[in-house]
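Chemist: My questions will all concern the structure given below.
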Amino acid sequence: MTLKTMPAAAGSGAVEAGPPRAAAMPDTRNPCIKLCRFDAAGTCLGCRRTRAEVKGWKRLPEDVRAAINDRIRTAGVTGPPQRKRKDEAKRLRKLARKIAKLEAKLTALRAERDGLEATRAG
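Positions 1 to 122 (the working numbering) are the ones given, in order, by the sequence shown.
Put into structure tokens, the structure is as follows:
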């Protein structure tokens, strides 16, 4: 806030509040890091915004966008949670088992199809 002396009050030295200085511009940039995956609560694992915030970002007022960015920054979130190597190895084993089961099922379905085609042709 700037202060200036009022000329109307001759010799009184009264002080009047002037217009406030321009405040720093709020951060309204999109916090998206292009890792749009949502948890069960509907929060993005990349930028920590809700689905509604992500969907309506361009239509949100600047003050709301700034508040969202402040919330994200205050929470100290810098990105998605990192998985441990152990978790990744476990996930790879689980996927390998699923693939093996699906391949077995696919083999059985192909055999069934071949049998139906043979009876149809003969």
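All C-beta atoms, glycine included, are put in the ideal place defined by N, C-alpha and C.
Beta carbon of residue 47, beta carbon of residue 26: below 8 Å?
Modeler: No, Cβ-Cβ distance for residue 47 and residue 26 is not below 8 Å.
Chemist: Is the segment 64 to 75 touching the segment 33 to 53, taking contact as three or more C-beta pairs under 8 Å?
Modeler: Enough Cβ pairs lie closer than 8 Å, so yes.
Chemist: Quick one: what does DSSP say residue 45 is sitting in, helix, strand or coil?
Modeler: It is coil, neither helix nor strand.
Chemist: Cα separation between residue 63 and residue 87?
Modeler: If you take the alpha carbons of residue 63 and residue 87, they lie about 40 Å apart.
Chemist: Relative to the alpha-carbon of residue 41, which residue among 34, 35 and 49 has its alpha-carbon at the smallest distance?
Modeler: Answer by Cα proximity: 49.
Chemist: With a CB to CB cut of under 6 Å and the five nearest residues on each side skipped, what residues in its chain are close to residue 9?
Modeler: Low local confidence applies: a pLDDT of 48 at residue 9 is under 50, so the model's placement there is unreliable, and no value is given.
Chemist: Let's test the definition: count the other Cβ atoms within 10 Å of the Cβ of residue 44 and tell me whether it reaches 16, buried, or not, exposed.
Modeler: Residue 44 should be labelled buried.
Chemist: Among residues of its own chain, excluding the 5 on either side of residue 28, which ones have a beta-carbon nearer than 6 Å to its beta-carbon?
Modeler: Within the same chain, residue 28 has close Cβ partners 62, 65 and 66.
Chemist: Can you name the residues that DSSP bridges to residue 50?
Modeler: Bridge partners of residue 50: 43.
Chemist: Taking the continuous alpha helix (DSSP H) assigned at residue 68, which residues delimit it?
Modeler: Residue 68 -> alpha helix (DSSP H) spans 62 to 75.
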